[in-house]
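Taking numbering that gives the first Met the number 0, I'd label the letters of the sequence shown as residues 0 to 160.
We put the CB at the ideal spot given by N, CA and C, even for glycine.
All remarks here apply to the structure that follows.
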Amino acid sequence: MPLIRDIAPADYPVVEELLYLSGLGDGRFYDPEGLEVVVAEFHGRLVGVAEFEVRCDFGHDEGREAHPGEQTFISTMAVAPTDRRGGVGRALLAEVARRAQEAGDTFLALVPQDGADEADRQAFFHACGFTLYGPAEPGAAWGCRVSEILAVKGTAETTGE
Numbered sequence: 000m001p002l003i004r005d006i007a008p009a010d011y012p013v014v015e016e017l018l019y020l021s022g023l024g025d026g027r028f029y030d031p032e033g034l035e036v037v038v039a040e041f042h043g044r045l046v047g048v049a050e051f052e053v054r055c056d057f058g059h060d061e062g063r064e065a066h067p068g069e070q071t072f073i074s075t076m077a078v079a080p081t082d083r084r085g086g087v088g089r090a091l092l093a094e095v096a097r098r099a100q101e102a103g104d105t106f107l108a109l110v111p112q113d114g115a116d117e118a119d120r121q122a123f124f125h126a127c128g129f130t131l132y133g134p135a136e137p138g139a140a141w142g143c144r145v146s147e148i149l150a151v152k153g154t155a156e157t158t159g160e
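Given below as structure tokens:
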């Protein structure tokens with residue numbers, strides 16, 4: 000069972016490497032300024048990360064289709080390739096949903112990152128309850144009610160608030 004906790008500055012190099020290996024980072028210094036970040040730790044190793052913003056008005060200024068309720072936007076999620084399919088991603092989502100609920104948000108939104116693993120990312124989010132809202136085009140938004148994520152029993156221990 001992964002431990003989900005707030006990121007610490009000592010985690011930055013490991014997170015950058017994790018993002019880079021997942022095709023989501025550029026290999027330069029990691030800087031999470033302006034985002035909330037949680038990490039997943041398993042047997043003392045950092046194996047996952049989720050960056051998000053609560054109380055976000057994602058996309059309304061760009062004309063994105065309306066969504067139900069206040070939202071938290073997940074900007075990036077990554078799990079080490081060797082630790083996928085073990086509940087790490089779902090544990091990260093559950094923690095983001097828990098924090099969204101605490102902030103009064105009722106909806107999670109994201110845009111699955113493109114790249115080599117795009118189909119796998121979309122399949123993961125779909126399996127977790129996310130669906131496309133708006134037109135099916137590059138950069139399309141996906142969303143899910145916070146309550147749907149929280150209804151699934153969590154498999155992670157959390158700490159760090």
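- Query: Does DSSP classify ILE6 as helix, strand or coil?
  - Reply: coil
**Q.** C-alpha distance - GLU101 paired with ALA93, whole-angstrom precision
**A.** 12 Å
- Between the C-alpha atoms of VAL145 and PHE72, what's the straight-line distance to the nearest angstrom? 11 Å
C-beta atoms of VAL53 and ASP104 nearer than 8 Å:
yes
| said: If I follow the unbroken alpha helix (DSSP H) through GLY47, where does it start and stop? | reply: Note, GLY47: premise wrong, no alpha helix (DSSP H); beta strand (DSSP E) at 44-55.
* For my contact list, GLY88 and MET76 are in at a C-beta cut-off of 8 Å; report their separation, rounded to the angstrom. => 7 Å
- What first and last residue would you give for the beta strand (DSSP E) that runs through PHE41? 35-41
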